[in-house]
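Position 25 of the sequence shown, counted from 1, bears residue number 29 in the working numbering, the numbering being contiguous throughout. Glycine residues also receive a C-beta, built at the ideal position from the N, C-alpha and C atoms. Inspection log for the structure reproduced underneath, given as structure tokens.
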Amino acid sequence: MEGFFTFVLAIILLFWLLGRVAPFLLAWWVRKKFRGMEQQQKRYTNANRDFKEGDVLVEVEKEDRKVVDSSVGEYVDFEETK
């Protein structure tokens, strides 16, 4: 019976400590995540500082040209009819 009370007391103590420590751990983790997002935002904004305010920046993605070997021929998709 003494072991049961010790176990219950240990569980209660564990939850009490977790309740005291968890807010600090959560605040630390959230601050860490916000710092990471802030650094990422600074990297992005510093990379695009070459333009004055009001300038228009158009980013065009390069199109990949399809390379077709002339000896292969043209692909034709045939449909099967019954």
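Original post:
By Cβ distance below 7 Å, which residues in the same chain neighbour Glu78 in space, the five residues on each side in sequence not counted?
Top reply: none
Original post:
Roughly how many whole angstroms lie between the Cα atoms of Trp33 and Val71?
Top reply: 49 Å
Subject >> Phe79, DSSP secondary structure in three states >> reply: Looking at the sequence provided, one finds Tyr at residue 79 rather than Phe. Note: Tyr79 maps to coil in three-state DSSP.
Original post:
If we ignore side chains and look at the alpha-carbon of each, how far apart do Ala26 and Phe38 end up?
Top reply: 18 Å
Subject >> Between the CA atoms of Ile16 and Arg24 - distance to the nearest angstrom >> reply: 12 Å
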